[in-house]
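Participant: A single structure is presented below for examination.
In this note's numbering, the protein residues as written are 30 to 670.
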């Protein structure tokens with residue numbers, strides 16, 4: 030493709046004596062003017078594609094109006110992504126595009142100009158997020174067009190709330206948003222740490238590349254440094270198990286709120302109450318399968334689907350026809366209740382129709398894959414059906430046909446919470462006598478089984494039927510206060526789970542400072558890789574620096590002091606003193622720190638390899654635009670989706 034571009038670039042206009050181009054039969058250019066305009070378009074596209082050529086070619090960033098910016102080194106993808114606002118230039122570009130299938134005009138920046146514009150966006154987002162860091166971090170107020178402003182100290186919420194008017198700046202901000210989102214999804218916390226690390230690496234990386242550093246070798250050096258730091262983090266990590274340690278982790282992630290820390294610890298011990306917020310233990314079942322499609326999400330934060338007073342449809346079989354689901358959907362629509370579908374799988378026409386009706390008509394539905402395999406899945410579905418008062422369709426022994434479903438065949442729960450990883454069904458409406466009978470049956474099967482694997486699975490099923498779920502009820506004087514407190518509870522709970530999984534390290538940015546010596550021994554093949562290592566080395570002090578700066582002290586002095594103290598000693602920003610961080614309970618989950626560093630370095634170093642940025646120009650709005658879609662007129666419209 031690149032050779033073809035070169036050939037076209039030099040010869041496409043030879044022999045053209047007088048060429049008139051028109052758009053909508055209105056605008057016409059002739060001869061040299063026409064050729065000159067088209068050549069500008071050819072040059073823009075060819076320059077954008079040419080930078081990707083060869084093993085050390087650069088990446089190109091392409092803006093999208095409906096998803097995150099795309100970073101690519103594929104020439105065809107770059108060519109497809111370019112459409113120019115000037116009609117005559119665009120015709121030139123079209124002549125050298127293999128495929129041109131875009132509807133919006135594009136704007137293109139190259140090299141230092143592109144990086145400088147993106148860096149402005151990175152700085153704006155990172156500055157907004159950084160002010161929340163540490164025990165003396167500040168709140169951020171985020172405007173909403175459809176509800177009251179949100180007051181939060183949660184890094185990922187702040188990051189998601191930022192959208193910049195300048196397209197190139199916004200691409201930089203969006204890529205750092207992705208860092209925060211990825212860290213939040215994997216570790217549940219650490220988004221502010223990830224953001225300030227990403228900014229530190231990207232900012233200094235841009236400066237070095239503008240002075241001639243090779244971006245590909247620079248990125249390799251960054252990843253070498255990250256590998257060394259992760260190895261050191263694992264060596265520093267300490268496992269946790271006691272309720273006191275769990276409370277310490279939760280308190281730090283809740284921005285120093287000891288009440289939240291103690292309540293999270295109590296929840297994991299399954300007891301305890303406080304005066305303002307409380308724990309309630311309720312009947313419920315949780316299993317490790319989430320929604321089939323993220324388009325079922327109906328909450329602003331947490332990427333969850335939440336329903337109150339919902340019906341549940343159970344099926345052992347795959348569901349791929351919307352006709353099989355229509356009777357159940359009609360029943361739920363008549364009752365004005367949401368529906369959770371739990372089946373072996375939901376795919377094809379059925380999934381497409383559910384998603385489209387969810388997005389366009391507001392249909393309250395969510396599809397979830399049933400947990401387990403084979404007989405274990407069949408038995409688990411039966412357990413859930415009994416717990417919720419429903420039946421399982423597709424079981425040959427029962428001869429139930431899903432098309433003949435009646436309202437009494439559906440399970441019923443007071444609340445359903447579904448994430449990408451798990452599904453929680455609370456307060457099922459099943460008969461206690463039926464549940465007790467099922468538990469007794471499972472106990473009997475455990476006694477008769479000779480397989481340790483089968484016994485383990487049956488014990489898990491019995492625990493789900495009998496143990497229930499701990500629910501933390503958050504209290505407050507206003508919706509704004511409750512929302513802010515919920516964010517802190519979520520961070521605390523996620524951090525606690527991460528700590529139990531991989532252990533803990535000294536908090537307050539100390540763990541990353543202790544990784545600095547290990548980077549001095551990293552073996553590099555050239556000077557550009559060394560530059561990458563040195564930039565990561567300097568970036569590792571950024572979290573500790575930011576925490577100290579937010580506390581109103583001389584951050585440089587604090588960082589130097591902590592480096593000189595060594596061990597677990599660090600700066601207690603809340604009390605303005607130096608302490609043993611582990612003994613003082615100022616700790617971070619190893620997984621959170623590790624994930625923040627890996628995600629930040631990965632995206633930031635990839636960002637520095639970009640030589641071209643392609644954005645969409647705003648589309649001109651037609652006058653008297655049509656009004657939005659009307660309300661849901663009934664389930665009869667489903668067949669149209």
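All residues carry an ideal CB built from backbone N, CA and C; glycine is no exception.
(1) With DSSP collapsed to three states, give me the class of residue 337.
(2) Within the continuous beta strand (DSSP E) that includes residue 453, where are the two ends?
(3) Excluding the 5 residues preceding and the 5 following residue 257 in the sequence, name in chain order all residues of the same chain whose CB lies nearer than 6 Å to its CB.
(4) Within 10 angstroms of the Cβ of residue 564, are there 16 or more other Cβ atoms? Answer buried if so, exposed if not.
(5) Would you decide whether residue 398 is buried or exposed? Buried here means 16 or more other CB atoms lie within 10 Å of its CB.
(6) Are residue 420 and residue 371 closer than 8 Å when you measure CB to CB?
(7) For residue 225 and residue 212, I'd like the C-alpha separation in whole angstroms.
(8) Fully enclosed by the stretch 496 to 580, which alpha helix (DSSP H) runs are 4 residues long or longer?
(9) Hey, out of 612, 67, 480 and 495, whose CA is closest to residue 535's CA?
(10) If you draw a straight line from the C-alpha of residue 263 to the C-alpha of residue 578, how long is it?
(11) Out of curiosity, what's the CA-to-CA distance linking residue 484 and residue 190?
(12) Report the start-end ranges of each alpha helix (DSSP H) in the stretch 144 to 214 that is 4 residues or longer and not cut off at the edges.
(13) Roughly how many angstroms separate the alpha carbons of residue 323 and residue 63, rounded to a whole number?
(14) Given this structure, state the Cα-to-Cα distance separating residue 247 from residue 634, to the nearest angstrom.
(15) What's the gap between the Cα of residue 313 and the Cα of residue 445?
(16) Look up residue 386 in the DSSP assignment and say whether it is helix, strand or coil.
(17) Can you tell me whether residue 119 is helix, strand or coil according to DSSP?
(18) Going by C-alpha to C-alpha distance, which of 116, 367, 100 and 105 sits closest to residue 56?
(19) In chain order, what residues of the same chain have a beta carbon less than 8 Å from the beta carbon of residue 303, not counting five sequence neighbours either side?
(20) With a 10 Å radius around its C-beta and 16 neighbouring C-beta atoms as the bar for buried, classify residue 59 as buried or exposed.
(21) Which one or two residues does DSSP pair with residue 314 in a beta bridge?
(22) Give, in chain order, every unbroken run of the beta strand (DSSP E) that is at least 3 residues long and sits entirely within the stretch 602 to 655.
(23) Let's see if you can read the secondary structure: which residues bound the alpha helix (DSSP H) around residue 228?
(24) Quick one: give me the first and last residue of the beta strand (DSSP E) that residue 62 is part of.
(25) How many angstroms separate the CA atom of residue 516 from the CA atom of residue 184?
(26) For the stretch 616 to 623 and the stretch 635 to 645, state whether three or more C-beta atom pairs, one from each stretch, are separated by less than 8 Å.
(27) Expressed to the nearest angstrom, what Euclidean distance is found between the alpha-carbon atoms of residue 272 and residue 580?
(28) Just reading off the alpha helix (DSSP H) that residue 476 is part of, what are its end residues?
(29) Beta-carbon separation of residue 92 and residue 196 under 8 Å?
(30) Does residue 368 come out as helix, strand or coil in the three-state DSSP assignment?
(31) What distance in whole Å lies between the Cβ atoms of residue 280 and residue 221, which are believed to be in contact at a cut-off of 8 Å?
(32) Out of 526, 233 and 154, which one is the CA nearest neighbour of residue 208?
(33) Drop a sphere of 10 angstroms on the beta-carbon of residue 386, count the other beta-carbons inside from all chains shown, and report buried for 16 or more, exposed for fewer.
(34) Ordered along the chain, which non-local residues of its own chain (more than five positions away) have a Cβ less than 6 Å from that of residue 69?
(35) If contacts are defined as beta-carbon pairs under 8 Å, then residue 203 and residue 97 qualify, I think. What distance do you get, rounded to the angstrom?
(36) Pick from 173, 339 and 539: whose alpha carbon is nearest that of residue 367?
Facilitator: Let me spell this out:
(1) Strand at residue 337.
(2) Counting along the chain, the unbroken beta strand (DSSP E) around residue 453 starts and ends at 452 to 457.
(3) Sequence-distant Cβ neighbours of residue 257 in its own chain, meaning closer than 6 Å and more than five residues away, are 547, 548 and 551.
(4) Taking every protein chain shown into account, the CB of residue 564 has 16 or more other CB atoms within 10 angstroms, so this residue is buried.
(5) The residue in question, residue 398, is buried, as its Cβ has 16 or more Cβ neighbours within 10 Å.
(6) In this structure, the beta-carbon distance from residue 420 to residue 371 does not fall below 8 Å.
(7) Distance between the alpha carbons of residue 225 and residue 212: 13 Å.
(8) Whole alpha helix (DSSP H) segments, 4+ residues: 508 to 531, 539 to 542, 545 to 548, 556 to 568 and 571 to 579.
(9) Taking only the C-alpha atoms, the option nearest residue 535 is 612.
(10) In this model, residue 263 and residue 578 are separated by some 28 Å (Cα to Cα).
(11) One Cα belongs to residue 484, the other to residue 190, and the distance between them is close to 48 Å.
(12) Qualifying alpha helix (DSSP H) stretches, in chain order: 184 to 189.
(13) Their backbone Cα atoms lie some 48 Å apart in a straight line.
(14) Between residue 247 and residue 634, the alpha-carbon positions lie close to 8 Å from each other.
(15) CA-to-CA, the gap between residue 313 and residue 445 works out to about 9 Å.
(16) Three-state result, residue 386: helix.
(17) Correct three-state label for residue 119: helix.
(18) Comparing Cα-Cα distances from residue 56 to each of 116, 367, 100 and 105, the minimum goes to 116.
(19) Note that residue 303 has pLDDT 33, beneath the 50 cutoff, so the model's placement of it is unreliable and the number below is only indicative. The residues 288, 291 and 292, in chain order, have a CB closer than 8 Å to that of residue 303 in the same chain once the five nearest residues on each side in sequence are set aside.
(20) By the beta-carbon neighbour count (other beta carbons within 10 angstroms, threshold 16), residue 59 is exposed.
(21) Looking at the DSSP assignment, residue 314 forms a beta bridge with 454.
(22) Qualifying beta strand (DSSP E) stretches, in chain order: 606 to 609, 616 to 618 and 639 to 645.
(23) Counting along the chain, the alpha helix (DSSP H) containing residue 228 begins and ends at 220 to 239.
(24) First-last for residue 62: 60 to 79, but that is the alpha helix (DSSP H), not the beta strand (DSSP E).
(25) Whole-angstrom Cα-Cα distance: 10 Å.
(26) No: the two stretches stay apart, fewer than three of their Cβ pairs being nearer than 8 Å.
(27) One C-alpha to the other measures close to 29 Å.
(28) 461 to 477 is the span of the alpha helix (DSSP H), which, as asked, contains residue 476.
(29) Residue 92 is a Cβ neighbour of residue 196, given a cutoff of 8 Å.
(30) Residue state, collapsed to three classes: strand.
(31) About 16 Å separates the beta carbon of residue 221 from that of residue 280, a gap too long to meet the 8 Å contact definition.
(32) Out of 526, 233 and 154, the CA that lies nearest to the CA of residue 208 is found in 154.
(33) Buried: at least 16 other Cβ atoms inside 10 Å.
(34) So the list reads 118, once near-sequence residues are dropped.
(35) Confirmed, about 6 Å.
(36) That would be 339, whose Cα lies nearest to the Cα of residue 367.
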